[in-house]
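Trainee:
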Amino acid sequence: MNQKDLDQFQHLVQVLLQAEKEEPVAAPIPTEQLFSTLDLSLEQEAIDDDILYQNLESLIQKTPKTASKLFFNQLFAGRKSKSVLGDLVAVMLNTSMYTYKVAGPMVGVEKAIIKAISDAVGFGSNSDGTISSGGSMSNFMAMVMARDSFNSRIKIDGVEEKLIVYTSAECHYSIEKNAALAGIGRKQVRYIKTNDFGEMDINDLESEIEKDLAAGNSPFFLNLTEGTTVLGSFDPIDPAIRVGKKYGLWSHVDGAYCGGVIFSKKYKHLIQGVEKADSFVLNGHKMLGTPMTCSILLVRDKSRLNHSFSADAEYLFQTDDDEFNLGKTSLQCGRRNDALKLWTLWKSIGTSGLEKLIDHQFLLADYARSYIQNNKNYQLYSFKNSISVCFNYKDIDAKMLCERLYLKSKILVSHGSFQGKSFIRLVTINSDNSVEDIKQFFEILESFVASEFE
Ligand SMILES: *Cc1c(COP(=O)(O)O)cnc(C)c1O
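Numbering (my numbering), first residue to last: 805 to 1258.
Below is the structure:
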């Protein structure tokens, strides 16, 4: 990177930080006007650097600000400074994580993270893991390991039996896609009923497994969602795994959203029993606040990772012990260094700092829930021990209200539904927010409704 671009980078970052303060919700550009509003075209001839810098400046101004105080739309938000620092260094180094020869000590950085999370989970000394391109991919890899563990011939011969996946009706949509990709088929996914709190119903799980066995099918994979996408509910791990083990299923814990509770003394009871699972996923870019993406997949028996993902490639794996050639346990070939951004954050604030981040998100959610419960214009739809706070205000249609808040550049927040009821979902995942920021969210919402709807 030349000095001029480096200076310009500093300048553009200042532009962004300023814009986040002055216009926390960028005015959306209607899609039909996008290409006429911004100069996005690619031309035959080179342009002046200064024109490029101007282009970048306008792009930054118009791009949604996911680190602003008013971004509540997704299961990630904010910007952890030390983590951004690590990620910027990773871009400059541009390592690829497949071999020790190319990634050097960065392999150790990734291994240190995997070991520390595995210790927190309680997976024991025979565990291992990898960092994948995201939670969807981590879930996919877990399903493939489960498939190959059920029948080690599948990777050679292909799927012949009717393999069955069990997951709750509130799970992430990657489970269904992954069943298709792994050759299992979307129709072989059983959506287990949930109780009124959005948690998997264990009796229904067992009766679905029994039905499949009676039909001659092959149950093999149990997915438990810890932090469901809408309500932020936690499937009960201990009783579910007891059923899973009884029938020989691989149990996978999808903690992409809220697996970070593993670091909190106060909240880790929510995933009690996780150490008995066969695999576990945690997204650093959700509760831990790293930049996108950083998804850690752990497996209790490390031979499963090798069994499903190692392949020989003489042109790639030429030196060193394969323990340190991470390409042997990854689906990808070239792979970004997503470890460093979590390492810099963790190294800087310690495990106790991670715990504080998690606890603070729950504290913000507690505040939001009590605000809602103490105001009769609101109705609450979600439950304690969740950082997804679901509500309606003055019975206004949630979808319409979220859309108007977006179009008028007030707040970015989304809506969801459970048991036939739709509502706004406020996610308190930005640990840089304060209680005051959450209060401000409600105040902006209320004054917007007063001016636009009344
Ligand atoms: C976000 C999420 C995923 C997918 O993770 P990506 O990194 O977005 O692919 C999977 N499962 C759950 C429960 C999630 O919340």
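Quick reminder that beta carbons are idealized off the backbone N, C-alpha and C, glycines included.
(1) Can you confirm whether the segment 1162-1170 touches the segment 968-982 when touching is taken to mean that 3 or more C-beta pairs between the two stretches lie within less than 8 Å?
(2) Decide if M941 is buried, meaning its Cβ has at least 16 other Cβ atoms within 10 Å, or exposed.
(3) In this structure, does DSSP put E1247 in helix, strand or coil?
(4) With DSSP as the reference, label S1055 as helix, strand or coil.
(5) Candidates L1135, A973, V969, I1153: which alpha carbon is nearest S1037's?
(6) Following the continuous alpha helix (DSSP H) through K1050, name the residue where it begins and the one where it ends.
(7) Look at I1242 and A1143 and say whether their C-beta atoms are less than 8 Å apart.
(8) For L1101, which residues of its own chain have a beta-carbon under 6 Å away from its beta-carbon, when the five flanking residues on both sides are left out?
(9) L1086 lies in the beta strand (DSSP E); which residues open and close that run?
(10) Going straight from the alpha carbon of K1049 to that of I1013, what length do you get?
(11) Is N770 near ligand 1, with its Cβ less than 7 Å from a heavy atom?
(12) Less than 8 Å separating the beta-carbons of S1040 and E1003?
(13) Please list, in chain order, all residues of the same chain as D1124 whose beta carbon is under 8 Å from its beta carbon, the five residues on each side excluded.
(14) Counting Cβ pairs, one atom from each stretch, are 3 or more of them under 8 Å apart for the segment 1214-1225 and the segment 1145-1162?
(15) Do K959 and G1093 have their CB atoms nearer than 8 Å?
(16) Give me whichever residues DSSP pairs with H1219 in a beta bridge.
(17) DSSP on S972, reduced to helix/strand/coil?
(18) Answer yes if the segment 1059-1074 comes into contact with the segment 949-966, meaning at least three C-beta pairs across the two stretches below 8 Å, and no otherwise.
(19) For D1241, does the three-state DSSP call read helix, strand or coil?
(20) Is I979 near ligand 2, in the sense that its beta carbon is under 7 Å from a heavy atom of that ligand?
(21) Out of L1053, L860, F1222, which has the shortest C-alpha to C-alpha gap to T1032?
(22) Give me the Cβ distance between V819 and E861, rounded to the nearest whole Å; I'm assuming they're in contact under 8 Å.
(23) Does DSSP put I958 in a helix, a strand or coil?
(24) Is A1060 near ligand 1, in the sense that its beta carbon is under 7 Å from a heavy atom of that ligand?
(25) Using only alpha-carbon positions, find the residue among L879, V1034, F1195 that is nearest to M1091.
(26) Considering only residues of the same chain and omitting the five flanking positions on each side of T841, which have a CB-CB separation below 8 Å?
(27) How about H976: is its Cβ closer than 7 Å to a heavy atom in ligand 1?
(28) Based on Cα-Cα distance, which residue from A1019, H976, T971 lies nearest to K997?
(29) For the beta strand (DSSP E) that contains T1029, what are its first and last residues?
(30) Excluding the five sequence neighbours on either side, which residues of its own chain have a C-beta within less than 7 Å of the C-beta of Q794, listed in chain order?
Mentor: In terms of the structure at hand:
(1) The segment 968-982 vs the segment 1162-1170: no contact.
(2) Buried.
(3) In the three-state reduction of the DSSP assignment, E1247 falls in the helix class, which pools H, G and I.
(4) S1055 carries a strand assignment under DSSP once its states are collapsed to helix, strand and coil.
(5) For S1037, the nearest C-alpha among the options comes from A973.
(6) Counting along the chain, the unbroken alpha helix (DSSP H) around K1050 starts and ends at 1041-1050.
(7) In this structure, A1143 does not lie closer than 8 Å to I1242 by Cβ.
(8) Hits under 6 Å: G933, T934, S936, S942, M945, V1085.
(9) That run of the beta strand (DSSP E) goes 1083-1087.
(10) Straight-line measurement puts the Cα of I1013 at about 12 Å from the Cα of K1049.
(11) No answer is possible for residue 770: the residues shown for the chain start at 805 and end at 1258.
(12) Note that residue 1040 is Pro in the sequence shown here, rather than Ser. In this structure, P1040 lies near E1003, with their beta-carbon atoms less than 8 Å apart.
(13) Close CB contacts of D1124 within its chain, under the 8 Å cut and outside five residues either way in sequence, are with T903, Y904, K905 (chain order).
(14) With contact defined as three or more Cβ pairs closer than 8 Å, the segment 1214-1225 and the segment 1145-1162 are not in contact.
(15) In terms of Cβ geometry, K959 and G1093 do not form a close pair [threshold 8 Å].
(16) Its beta-bridge partners are I1228.
(17) In the three-state reduction of the DSSP assignment, S972 falls in the strand class, which pools E and B.
(18) Contact fails between the segment 949-966 and the segment 1059-1074, because fewer than three Cβ pairs, one in each stretch, are under 8 Å apart.
(19) Looking at D1241 - three-state DSSP - the assignment turns out to be helix.
(20) Ligands displayed in this structure: ligand 1; ligand 2 is not among them.
(21) It is F1222 whose Cα lies nearest to the Cα of T1032.
(22) That pair is a contact at about 6 Å.
(23) Of the three classes helix, strand and coil, the one that applies to I958 here is helix, per DSSP.
(24) True, at least one ligand heavy atom lies under 7 Å from that Cβ.
(25) Residue L879 is the option with its Cα nearest to M1091.
(26) If you ignore the 5 residues before and after T841, its C-beta comes within less than 8 Å of the C-beta of I833, K866, all in its own chain and listed in chain order.
(27) For H976, the CB falls within less than 7 Å of some heavy atom of ligand 1.
(28) Taking K997 as reference, the option from A1019, H976, T971 with the minimal CA-CA separation is T971.
(29) Taken as a continuous stretch (DSSP letters only), the beta strand (DSSP E) holding T1029 covers 1022-1029.
(30) Shown here, the chain extends from 805 to 1258; a query on residue 794 therefore has no answer.
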